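The numbering of the sequence shown is full-length UniProt numbering, which starts it at 1 and goes up by one.
For reference, the structure discussed in these notes is given below.
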Amino acid sequence: MTETDLAPGIADRALPKGVKPLLVLGKIREILDVFTLDRPELTLPEIRRATGLPPSTCQRLVANLVAESFLDRAGDRYRIGATLARWASPAAGEPDTVEALAPVLRELRDATGETACLYRREGGYRVCIAVAETRHAVRREVHVGKIMPLHVGSAGRVLLAWDPEAAEAVLAAALPRYTGHTLTDPERLRQALRLTREQGYATTAEERDLGAAGVGAPVFDIHGALIAALALAGPIQRLSPARCEELAPLVVAAADRATRRLGGRTG
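Laid out in structure tokens, this is it:
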């Protein structure tokens with residue numbers, strides 16, 4: 001299933017009508033995408049296995065990418081070339097995060113019908129820095145500047161799951177109880193953070209406010225470090241646990257688009 005299948009109309013870089021895609025560019029992107037912060041150097045067989053491209057096609061494209069300095073070669077290993085790094089440098093500055101991600105929030109809101117929010121960690125709290133509010137009359141109240149604890153809610157779960165230092169600080173302190181569903185046992189919260197990392201998103205229900213639920217996913221910067229959490233928030237009547245799981249792929253896809261808009265990498 002493609003991103004467009006999941007949410008028609010929310011892909012933000014669709015070709016104009018009548019413009020045919022250049023298939024070779026898709027293959028080149030497949031090759032470049034296999035290089036990550038964890039695997040910055042790869043052999044030709046590793047690239048071929050990761051992309052699934054036919055051997056002759058992969059070899060020809062890699063050779064041309066080296067010739068154009070898109071890739072560098074040392075022995076039998078390849079890495080992203082200096083030319084691409086130089087071209088990417090203007091995007092490595094500090095973009096206006098809120099302005100850059102506003103379209104992503106609106107698209108997620110329109111695709112799901114629920115309020116889409118962006119949160120950033122500030123010390124021991126999370127702060128809402130952007131909102132695309134639902135058009136439903138019944139909604140969860142969220143506003144820019146709202147400050148919330150880190151140990152409750154899907155966005156807080158995400159901000160801790162990808163920030164071990166912040167997580168250890170929160171786990172070492174008292175975990176205030178807000179409802180009967182708040183995780184106040186450090187070991188249970190630690191397990192929840194591990195699950196969040198494993199599945200790539202968090203779903204929570206009534207941890208801070210009764211009747212409220214959410215789904216959150218991480219947004220990363222150019223170095224692959226967590227920069228924010230993108231989340232849906234709404235009443236549990238609409239965001240039941242089952243519905244949250246259904247919407248999770250949309251939230252993850254939106255967070256991935258947000259990462260790309262900021263020039264970030266997920267790994």
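Glycine residues also receive a C-beta, built at the ideal position from the N, C-alpha and C atoms.
None of these values were measured; they are calculated from a predicted model.
Given residue i as reference, the closest of the options once Cα atoms are compared
i	options	result
LEU247	GLY75, ILE28, ILE80 and ALA116	ALA116
GLY263	ARG48, THR51, GLY113 and THR97	THR97
ASP221	VAL170, ARG265, ALA50 and ALA242	ARG265
THR179	GLU46, GLU122, GLU68 and GLY153	GLY153
ILE227	THR36, GLY75, ARG261 and PRO55	ARG261
LEU239	PRO176, HIS136 and LEU118	HIS136
PRO164	GLY113, PHE70 and ARG197	ARG197
ARG120	ARG106, ILE147, ASP110 and GLU133	ILE147
ARG139	LEU84, ASP209, THR203 and ARG49	ASP209
ARG109	ALA172, ALA212, GLY145 and GLU133	GLU133
HIS223	LYS17, PRO40 and ARG177	PRO40
LEU53	PHE70, ASP72, LEU32 and LEU189	LEU32
THR36	GLY75, LYS17 and ILE80	ILE80
ALA229	ARG177, GLN191, GLU122 and LYS17	GLU122
GLU46	ALA173, THR112, ASP76 and ARG126	ASP76
VAL219	LEU101, THR112 and LEU44	LEU101
Assumed close pair residue i, residue j - CB separation to whole angstroms, cut-off 8 Å
i	j	result
CYS128	HIS143	7 Å
LYS20	THR57	Not confirmed; about 19 Å, so no contact.
ALA258	VAL104	5 Å
LEU160	LEU118	About 16 Å separates the two Cβ atoms, so there is no contact after all.
LEU195	PRO186	Not quite, the Cβ-Cβ distance comes to about 15 Å (not below 8 Å), so this is no contact.
GLU114	LEU25	Going by Cβ atoms, the distance from GLU114 to LEU25 rounds to 34 Å, so no, they are not a contact pair.
ARG48	PRO55	6 Å
CYS244	THR203	4 Å
Cβ pair residue i, residue j closer than 8 Å
i	j	result
ALA217	ALA255	yes
TYR201	VAL251	yes
GLY234	ALA155	no
GLY124	VAL170	yes
THR182	GLU141	no
GLU30	THR51	yes
LEU22	VAL34	no
PRO249	ALA205	no
LEU84	TYR78	no
VAL66	ARG73	yes
ILE236	ALA212	yes
Residues that DSSP places opposite residue i in a beta bridge
i	result
LEU232	ALA116 and VAL215
THR43	ARG77
residue 282	The requested residue 282 does not occur in the structure, where the chain is confined to residues 1 to 267.
ARG121	ARG126
LEU71	ILE80
ALA132	ALA116
Short CB-CB distance (under 8 Å) between residue i and chain C
i	result
SER56	Included in the structure is just one protein chain, with no chain C present.
- Give, in chain order, every unbroken run of the beta strand (DSSP E) that is at least 3 residues long and sits entirely within the segment 154 to 228. 202 to 205 and 212 to 220
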